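The structure under discussion appears below in the form of structure tokens.
In my numbering, the protein residues as written are 21 to 130.
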């Protein structure tokens, strides 16, 4: 028969991978909403005529040049894209790990 310790280890790894997958998926959703907000802000800034605007910074506002603010938003969007790309790679890895764990458990389940 199979080793009970090995089966328990596979089950623990499966649980851990599922938990990590849920965390990664929630992070991706959060980052996508941040990206959507940044893109929407960029679209609204295109319709704004003034060259300087007030930017919220914690509990205060700072007067900032419009082009600097747009560049900051574009940089943030690129950073979010890179982070989402890395999280998608991790998500794929976790999905494969879960599939492999299930594949190894199936022969032992009657």
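From the three backbone atoms N, C-alpha and C, an ideal C-beta is built for every residue, glycine too. Because the structure is a prediction, the values reported are computed rather than measured.
First and last residue of the alpha helix (DSSP H) that includes residue 81? That residue, residue 81, is in no alpha helix (DSSP H); its beta strand (DSSP E) goes 80-85.
Apart from the five residues on each side of it in sequence, which residues of its chain come closer than 7 Å, Cβ to Cβ, to residue 164? Outside the displayed span of the chain (21 to 130) sits residue 164, for which this structure offers no information.
Write down every uninterrupted run of the beta strand (DSSP E) in the segment 62-124 whose length is 3 residues or greater and which is fully enclosed by it, in chain order. Those beta strand (DSSP E) runs which fall completely within the segment 62-124 and span 3+ residues are 72-77 and 80-85.
Quick check: what's the CA-CA separation for residue 46 versus residue 99? 17 Å
How many angstroms separate the CA atom of residue 57 from the CA atom of residue 89? 14 Å
Output needed for residue 51: all residues of its chain with C-beta closer than 7 Å, excluding positions within five of it in sequence on either side, in chain order. 100, 103 and 104
Rounded to whole angstroms, how far is the Cβ of residue 84 from the Cβ of residue 72, which I believe are closer than 8 Å? 7 Å
If you drop the 5 nearest sequence neighbours on each side, which residues of the same chain put their C-beta closer than 8 Å to that of residue 27? For residue 27, the CB contacts under 8 Å within the same chain, skipping 5 residues up- and downstream, are 125 and 128 in chain order.
Let me know the secondary structure DSSP gives residue 44 once reduced to three states. helix
Measure the alpha-carbon distance for residue 108 versus residue 114 and round it to whole angstroms. 10 Å
Residue 25 versus residue 43 - alpha carbon distance: 27 Å
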